[in-house]
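First up is the structure itself, then whatever we jot down about it.
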Amino acid sequence: MKKRLQNSGAKAWLYLLPAILFLGAFMVYPLVDVFVYSFEEGYNSASQTYNGIGFYNYSYVLHDPYFLQAVKNTFILVIITVPLSTGLALLISFGLTSITKLRELFQTIYFLPYVTNTLAVGLVFMILFKKTAYSDGMINLLIHAFGGESVDFIEGPYWAKMFVLCFYTIWIVLPFKILILTSALSSVNQDIYNAAKVDGTRKARIFFRITLPLISPTVFYLIITGFIGAFKAYSDAVALFGTNLNAAEMNTIVGYVYDMLYGNSGGYPSYASAAAILLFWIILTITCINLLISRKNVQY
Amino acid sequence: MEVTLKNLTKKFPSRDKNNPADVIAVNHFDFTIPDGMLVGLLGPSGCGKSTALNLISGLQKPTEGRIFFGEDDVTELPPENRGIGLVFQNYALYPHLTVRQNILFPLQNLKGKDKLSKEVMNEKMLEAAKLVQMDGLLERKPKELSGGQQQRVAIARALVKMPKVLLLDEPLSNLDARLRLQTREEIRRIQQETRITTIFVTHDQEEAMSISDIIVVMKEGTVHQIGKPQDVYDSPKNLFVAKFLGTPPINVFDGTIRDGGLYIGEECILKVKCLKDSTGNALREDEMRPVYVGIRPEGFVLSEDGALTCKRNRVEVMGRDISVVSTHPASLNETIRSIISADNKVNTAEECVKFQLLPHKVFIFDKETEERIEFEA
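Chains A and B, in that order, are what the protein sequence lines are.
Sequential numbering of the first sequence, starting at 1130, is according to our numbering.
Sequential numbering of the second sequence, starting at 203, is according to our numbering.
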């Protein structure tokens, strides 16, 4: 009996082996490696040598104005886009489930950004916002029409660029959230709404006391993944402002990590690792806070 | 509160391309439910009974006709202004709220001059919870309750605003057999205590018969018969009603009336006279007339010189009485089931059993219209 048990244990390990090898080689090992790099001072990837071990990398990164700018950008992006996109998605999906006419059409329209190629989206945003020799961009035409002064959204003031980045991010993440929320909303038993109707419940009360609590697990899932996604933002900024994000003051933490590795100022895996580990701690902290809050507010 | 339905009709547009005619779920309902009664809407599934309930509750709008609560025409009123309590088939309790919050919910919706103070709300909530005997479990959530308990919470929530009419949609269908018996007694007790006019929907004739003051037997959107359960059972208007009520079900035979007698096969089982059809016209008893003959299981009496001879299949002993299962070539049911007192001894040596029939347990129906033909034995 004992032998058979041991045998089956060996079998189980054998079956797990491919997954363990892959995860080990491409996830666990790099993770550990990054952690180790972040403490090796002056690591040179060509000669595979380093001067010593300590916190210098962290100290350097934390004093690097580019990193601080990236942290500031990332936090602004997170704080603006996560609540706005989740709230907007909630409104839109609630609207979608309330209408019967043209629902499919609207659903398709709202889902389009999800299936559109990033380059095509970038082009559209260029037409909307970018100043060229021929035009100031669609948005500026609108501003002119209302008597305002044109703004350079791509190479102009910081707030304008941040506005475009937030706008773009919200627009990109909205379809997925709407999709998830619409299915959560339609899974609420219709009889519960009928019961509320018979009880004479006002619309707002139905929404806040019944609908929202019933879909709160989904909303919470979207908030957590939204936070994580926004903290990892990078490609959106590149699509809008090009690869030299530091110059544009539009870098994000992930962008900083990338630049430290491969950018013009790159070749510093130690600094990149330190920044990555810092990002890891930030996301971990925020997610823990989220979990604590949700335990109080997410129903059943 | 008296509930009156006048010419109430609900049609749904057909989704079937081959059959574009509207589906008539409720067809010209015209009856009054007296105040304080427990009324069962009874019919096979798809007969429109739930639709009828939804029309009364206001969740659906009728295509035609009017609904009155007492003197008031409520046809155009939304559900919340009708003063009804509605219990859904799946209870539809708010899953994230406790029993207390569920029962309080309708009260908290009151606004303006109807707004209640916290103390009054709590009092009313406790009263309703006590009525359904759930006052010990107020802090539980619905998923921590059994089906029967959830049902009671749903009833308490429907009753807490003291509705004029209480509506129950298949109240017992989600419960197991034992709980069903218990809960139907409970519904009866609550109704008797509150004297609220209560309408419930069911497809289970036993359920409807056992607790209703009045039953409404429906089929395919039309009302077939309304009356006290015993009256409907003893005097069904047509073959459908006779077949739908009673367990075991009624035994139906092909028969003929001729020469003043009712014949099944070649045997004259009863002498009949004074035949009257459903409209009250006298019919001649000496004229050959094909009919359906319905005989209630308790209408059979074992007798050596009985008029009806059946081939015996088996005898089932059920303690209080025994059930003789037999066959007859003219029977429309596969087997004939008769219930006789256990005092009788069935001669197991014989292959055939002979029955005498109790005339008031025998019903004759016209072969074409399936309407009842009344007779005197």
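Glycine included, every Cβ here is placed at the ideal spot set by N, Cα and C.
Quick one: using the 10 Å Cβ neighbour count with 16 as the cut-off for buried, is residue i buried or exposed?
| i | result |
| --- | --- |
| residue 1365(A) | buried |
| residue 212(B) | buried |
| residue 1147(A) | exposed |
| residue 338(B) | exposed |
| residue 439(B) | buried |
| residue 433(B) | exposed |
| residue 531(B) | exposed |
| residue 1162(A) | exposed |
| residue 161(B) | Lying outside 203 to 579, the shown extent of chain B, residue 161(B) is not represented and no answer is given. |
| residue 352(B) | buried |
| residue 1169(A) | buried |
| residue 1192(A) | exposed |
| residue 1417(A) | exposed |
| residue 486(B) | exposed |
| residue 446(B) | buried |
| residue 1355(A) | buried |
| residue 488(B) | exposed |
| residue 400(B) | buried |
Using a C-beta cutoff of 8 Å, does residue i count as contacting chain B?
| i | result |
| --- | --- |
| residue 1314(A) | no |
| residue 1326(A) | yes |
| residue 1334(A) | yes |
| residue 1373(A) | no |
Starting from the beta carbon of residue i, find every residue of chain B whose beta carbon is closer than 9 Å, and list them in chain order.
| i | result |
| --- | --- |
| residue 1348(A) | Within 9 Å Cβ-Cβ: nothing; residue 1348(A) doesn't reach chain B, min ~13 Å. |
| residue 1343(A) | 296, 297, 298 |
| residue 1424(A) | By Cβ distance, chain B contributes nothing, its closest Cβ being about 15 Å from residue 1424(A), past 9 Å. |
Verify the CB distance criterion: does residue i have a CB-CB separation below 8 Å to chain A?
| i | result |
| --- | --- |
| residue 591(B) | Only positions 203 to 579 of chain B appear in the structure, and residue 591(B) is not among them; the question remains open. |
| residue 292(B) | yes |
| residue 373(B) | no |
| residue 311(B) | yes |
| residue 281(B) | yes |
| residue 214(B) | no |
Excluding the 5 residues preceding and the 5 following residue i in the sequence, name in chain order all residues of the same chain whose CB lies nearer than 8 Å to its CB.
| i | result |
| --- | --- |
| residue 537(B) | 515, 527, 528, 529 |
| residue 395(B) | 333 |
Identify, in the order they occur along the chain, each residue of the same chain with its Cβ nearer than 7 Å to the Cβ of residue i, setting aside the five sequence neighbours on each side.
| i | result |
| --- | --- |
| residue 214(B) | 224, 225, 227 |
| residue 1109(A) | Here chain A comprises residues numbered 1130 to 1429, so residue 1109(A) is not present and cannot be evaluated. |
| residue 392(B) | 333, 334, 357 |
| residue 1253(A) | none |
| residue 360(B) | 287, 288, 289, 368 |
| residue 1181(A) | 1170 |
| residue 252(B) | 371, 403 |
Output, in chain order, the set of chain A residues within a Cβ distance shorter than 9 Å of residue i.
| i | result |
| --- | --- |
| residue 286(B) | 1327 |
Along chain B, which residues have their Cβ under 7 Å away from the Cβ of residue i?
| i | result |
| --- | --- |
| residue 1083(A) | Past the boundaries of the shown model lies residue 1083(A); chain A is included only from 1130 to 1429, so the question cannot be answered. |
| residue 1321(A) | 294, 296 |
| residue 1330(A) | 311 |
| residue 1339(A) | 296 |
Going by beta carbon distance, what residues of the same chain come within less than 6 Å of residue i, once the five residues before and after it are set aside?
| i | result |
| --- | --- |
| residue 184(B) | Because chain B spans 203 through 579 in this model, residue 184(B) falls outside it and cannot be assessed. |
| residue 584(B) | It is not possible to answer for residue 584(B), since the shown part of chain B is limited to 203 through 579. |
| residue 1419(A) | 1353 |
| residue 502(B) | 540, 557 |
| residue 415(B) | 239, 240 |
| residue 470(B) | 463 |
Since residue i meets chain A, which of its residues come closer than 7 Å, beta carbon to beta carbon?
| i | result |
| --- | --- |
| residue 307(B) | 1328 |
Find the residues of chain B that neighbour residue i, judging by a C-beta separation of less than 8 Å, and give them in chain order.
| i | result |
| --- | --- |
| residue 1380(A) | The premise fails here: residue 1380(A) is roughly 43 Å from chain B at the closest Cβ pair, so nothing lies under 8 Å. |
| residue 1318(A) | 292, 294 |
Can you tell me whether residue i sits near the ligand PLP, meaning its C-beta is under 7 Å from at least one heavy atom of the ligand?
| i | result |
| --- | --- |
| residue 1345(A) | With respect to small molecules bound, the structure shown includes none, and the ligand PLP cannot be examined in it. |
Kindly provide the ranges of any alpha helix (DSSP H) runs that are 4 or more residues long and lie completely inside the region 508 to 566 of chain B, ordered along the chain.
List check, alpha helix (DSSP H) in window: nothing returned.
Within the region 1160 to 1219 of chain A, note down every full alpha helix (DSSP H) run reaching 4 residues or more, in order along the chain.
Fully enclosed alpha helix (DSSP H) runs of 4 or longer: 1185 to 1192.
Jot down the residue ranges of each uninterrupted beta strand (DSSP E) in the region 282 to 342 of chain B, minimum 3 residues, whole runs only, in chain order.
With a minimum length of 3 residues, the continuous beta strand (DSSP E) runs that stay inside the region 282 to 342 of chain B are 286 to 289.
Kindly provide the ranges of any beta strand (DSSP E) runs that are 3 or more residues long and lie completely inside the region 440 to 505 of chain B, ordered along the chain.
Secondary structure within the region 440 to 505 of chain B: the beta strand (DSSP E) runs of 3 or more consecutive residues, fully enclosed, are 453 to 460, 463 to 466, 469 to 473, 475 to 478, 491 to 497, 502 to 504 (chain order).
Quick one: complete beta strand (DSSP E) runs, 3+ long, within the region 214 to 246 of chain B?
Along the length of the region 214 to 246 of chain B, whole beta strand (DSSP E) runs at least 3 residues long occupy 225 to 235, 240 to 244, reported in chain order.
Which residue spans inside the region 385 to 447 of chain B form an unbroken alpha helix (DSSP H) run of at least 4?
Considered as a whole, the region 385 to 447 of chain B harbours 407 to 413, 431 to 436, 441 to 446 as its complete alpha helix (DSSP H) runs of no fewer than 4 residues, in chain order.
Counting only runs that start and end within the region 1228 to 1302 of chain A, where is the alpha helix (DSSP H) found for 4 or more residues in a row?
With a minimum length of 4 residues, the continuous alpha helix (DSSP H) runs that stay inside the region 1228 to 1302 of chain A are 1232 to 1244, 1247 to 1258, 1267 to 1274.
Taking only runs that begin and end inside the region 353 to 389 of chain B, name each unbroken beta strand (DSSP E) of 3 or more residues, in chain order.
367 to 371, all fully within the region 353 to 389 of chain B.
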